[in-house]
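Asker: Numbering (our numbering), first residue to last: 16 to 170. For each residue, glycine too, the CB sits at the ideal point set by N, CA and C. Since the structure is predicted, the reported quantities are computational estimates derived from the model, not experimental observations.
Structure, rendered in structure tokens:
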């Protein structure tokens with residue numbers, strides 16, 4: 016799990032597939048991921064059993080999502096006082112839905128960006144591997160290029 020510097024009594028709500036995957040290293044097409052005092056994923060019935068098994072391996076509790084009341088009750092049980100959401104990925108309708116939780120809502124986009132800018136050792140190794148692949152491809156293409164060739168002729 017990616018570490019986010021979340022204040023006590025706050026929860027970060029991740030709804031975007033890419034951000035959920037980045038935070039948990041688990042790719043689930045639909046659902047919510049709350050990061051706070053404990054990390055919990057809410058997914059609908061179509062994905063629940065597969066998600067539960069996968070999230071279990073990274074220490075994330077998985078719950079069946081049956082509507083906004085589930086999310087609201089979950090936040091109340093955790094004694095969450097403030098909800099952080101990524102305003103860049105939140106629609107007006109979603110924002111209005113989140114307001115029904117009765118919590119102050121703040122933008123968590125900067126926190127997410129800052130967390131994503133700090134790379135782990137594993138991420139650095141993947142970047143190095145990707146760079147090596149690109150370098151190898153670049154040099155193999157350079158050897159084949161000749162003056163006057165079109166892009167189509169370069170394969």
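Just curious, the beta strand (DSSP E) that residue 26 is in, first and last residue?
Answerer: Segment 25-29, the beta strand (DSSP E) holding residue 26.
Asker: With DSSP as the reference, label residue 99 as helix, strand or coil.
Answerer: In the structure shown, residue 99 sits in a strand (DSSP, three-state: E or B).
Asker: Between the region 119-128 and the region 142-149, do three or more beta carbon pairs fall short of 8 angstroms?
Answerer: Contact fails: fewer than three Cβ-Cβ distances are below 8 angstroms.
Asker: Tell me where the alpha helix (DSSP H) around residue 91 begins and ends.
Answerer: It spans 83-92 - the alpha helix (DSSP H) in which residue 91 sits, taken as one unbroken run.
Asker: For residue 95, which residues from the same chain have a beta carbon less than 7 angstroms from its beta carbon, with the 5 sequence-adjacent residues on both sides left out?
Answerer: Excluding sequence neighbours, residue 95 sits near 24, 25, 26, 51, 118.
Asker: Within 10 Å of its beta-carbon, does residue 101 have 16 or more other beta-carbons around it, so buried, or fewer, so exposed?
Answerer: So residue 101 ends up on the buried side.
Asker: Determine, using beta-carbon pairs with one atom in the region 37-44 and one in the region 62-78, whether at least three such pairs fall under 8 angstroms.
Answerer: Judged by Cβ distances under 8 angstroms, the region 37-44 makes contact with the region 62-78, as three or more pairs qualify.
Asker: Determine the extent of the alpha helix (DSSP H) in which residue 36 is found, giving its start and end residues.
Answerer: Looking at the DSSP string, the run of the alpha helix (DSSP H) that includes residue 36 is 32-39.
Asker: Could you check where the beta strand (DSSP E) with residue 76 kicks off and where it finishes?
Answerer: Start and end: 76-79.
Asker: So if DSSP puts residue 56 in a beta bridge, which residue, or which two residues, is it bridged to?
Answerer: Residue 56 pairs with 48, 77.
Asker: Could you name the residues that DSSP lists as bridge partners for residue 122?
Answerer: Beta-bridge pairing links residue 122 to 100.
Asker: For my contact list, residue 2 and residue 19 are in at a C-beta cut-off of 8 angstroms; report their separation, rounded to the angstrom.
Answerer: In the structure as shown, the chain begins at 16 and stops at 170. Residue 2 is therefore absent and cannot be evaluated.
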